[in-house]
Ligand code: DX5
Ligand code: ZN
């Protein structure tokens, strides 16, 4: 079995002390860094863009997993790709030409990902699963960290795992939103590969230790 991945989410870090955060995640068992790009339009919140990602890129060799919460992501893909992203996931609800946009991500040499909000039907998104490297299940409504995990996400995860098996696909699956020490093992046992974690790993202030505890919970 391949290793399960903890992906700390930058949005929950203390931006007044990013150097400390980067040092902690670089020396932890985190393999991915999750980067939430928000446009204040597709989601009500604003975060950061290519400039911040490229500055952080210089400080880390982690796999950069960029989550675009942006209307019409196509217009920003080139700059995000050049900022040092390794994978770019776009929202089903935010993009009119999904297949073309996913291909465009790959044309920049990046892994392509698709993500979707809790109200979107898996059946509608699944037709794109053949042209992605990654499926990111939103287990909260996109836009803010610190929200409670939506329990219906468990059945949604089962559907995605089943679809992957039945269609012999090999995309990775992440769960994003409200992942915590109480639900992470269940999600892992159901077939999720990657666990995006924001508030749960920052709550106690011991980022390094918390990531390693989460990693050991899903890699036994
Ligand atoms: C929410 C973001 C998440 C967020 C997760 O819109 O996509 O990546 O950082 O934070 P938590 O783990 O606190 O739900
Ligand atoms: Zn995210």
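Numbering (the working numbering), first residue to last: -16 to 203.
For each residue, glycine too, the CB sits at the ideal point set by N, CA and C.
All figures in this text were calculated on a predicted structure; none of them were measured in a lab.
Between residue 125 and ligand 1, is the CB less than 7 Å from at least one heavy atom?
Residue 125: yes, Cβ under 7 Å from ligand 1.
Which stretch, first to last residue, makes up the beta strand (DSSP E) that contains residue 50?
Segment 46 to 52, the beta strand (DSSP E) holding residue 50.
Could you tell me if the beta carbon of residue -8 falls within a distance shorter than 7 Å of some heavy atom in ligand 2?
Checking every heavy atom of ligand 2 against the Cβ of residue -8, one is found closer than 7 Å.
Could you work out which residue in -13, 91, -2, 109 is closest to residue 74 when comparing CA atoms only?
Taking only the C-alpha atoms, the option nearest residue 74 is 109.
Could you give the DSSP three-state label for residue 70: helix, strand or coil?
Correct three-state label for residue 70: strand.
When DSSP builds the beta bridges, which residues end up paired with residue 158?
BP columns for residue 158 point to 120, 178.
Is DSSP giving residue 195 helix, strand or coil here?
If DSSP states are grouped into helix, strand and coil, residue 195 belongs with the helices.
Based on the DSSP secondary-structure assignment, which residues constitute the bridge partners of residue 94?
DSSP lists 70 as partners of residue 94.
Go ahead and pull the three-state DSSP assignment for residue 56.
In the structure shown, residue 56 sits in a helix (DSSP, three-state: H, G or I).
Closer than 7 Å by C-beta to residue 27: which residues in its own chain qualify, once you throw out the five before and the five after it? Chain order, please.
Contacts found: 126.
State yes or no: is the C-beta of residue 80 nearer than 7 Å to some heavy atom of ligand 2?
Residue 80: no, Cβ never under 7 Å from ligand 2.
Following a CB-centred definition, is residue 32 positioned closer than 7 Å to any heavy atom of ligand 1?
Because no heavy atom of ligand 1 lies under 7 Å away, the Cβ of residue 32 does not count as near it: no.
Quick one: is the Cβ of residue -5 within less than 7 Å of any heavy atom of ligand 1?
Indeed, a heavy atom of ligand 1 lies less than 7 Å from the Cβ.
Would the beta-carbon of residue 96 fall within 8 Å of that of residue 116?
Yes.
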